[in-house]
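So in the working numbering, spot 54 of the sequence shown is number 35, and the numbers just go up one at a time. C-beta: ideal position from N, C-alpha, C; glycine also. Everything on this sheet refers to the single structure shown next.
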Amino acid sequence: MVWHVRHAKFLDGSPTEHFGEDGELSWDEQSGDDTKILGIYATKVEAEGRIERARQQPGFKDEPDCFIIDSFTLGEDQWTDGFVTIPYE
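In structure tokens form, the structure reads like this:
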């Protein structure tokens, strides 16, 4: 599974943090970062090919290092608990 993170820009012009202290890509959807799935591929080579194609496209090329390749098992439940809705105030 190939993901991309578009990091929100700070209104005060502060630099955007793309990576944590451990060097891993970080994001916070509550702060406006946007994650999106670009596709699910059978091999890592195919996933890497998708990243290279995306890096040529508008938006993605602005954050070319913000891709994640995540392993995914087909036929396995991923969200096994229910959820609650928190009203917006």
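Taking 8 Å as the upper bound for CB-CB distance, lysine 17 and tryptophan -16 are in contact here, some 7 Å apart.
With respect to the C-alpha of leucine 6, the residue from Tyr69, Asp46, Glu57, Gln59 having the closest C-alpha is Asp46. The DSSP-derived three-state label of phenylalanine 64 is coil. For glutamine 38, the closest alpha carbon among the candidates Thr61, Glu10, Leu19, Asp15 is that of Leu19.
For alanine 28, the number of other beta carbons within 10 angstroms of its own is at least 16, and it is reported as buried. Residue range 15 to 20 is occupied by the beta strand (DSSP E) that includes glycine 20, with no alpha helix (DSSP H) assigned at that position. Distance from the CA of glycine 56 to the CA of isoleucine 50, rounded to the nearest whole angstrom, comes to 19 Å. Looking at the backbone, the Cα of lysine -10 and that of phenylalanine 53 are separated by about 30 Å. Residue burial annotation: isoleucine 21 is exposed, with fewer than 16 other C-beta atoms found within 10 angstroms of its C-beta.
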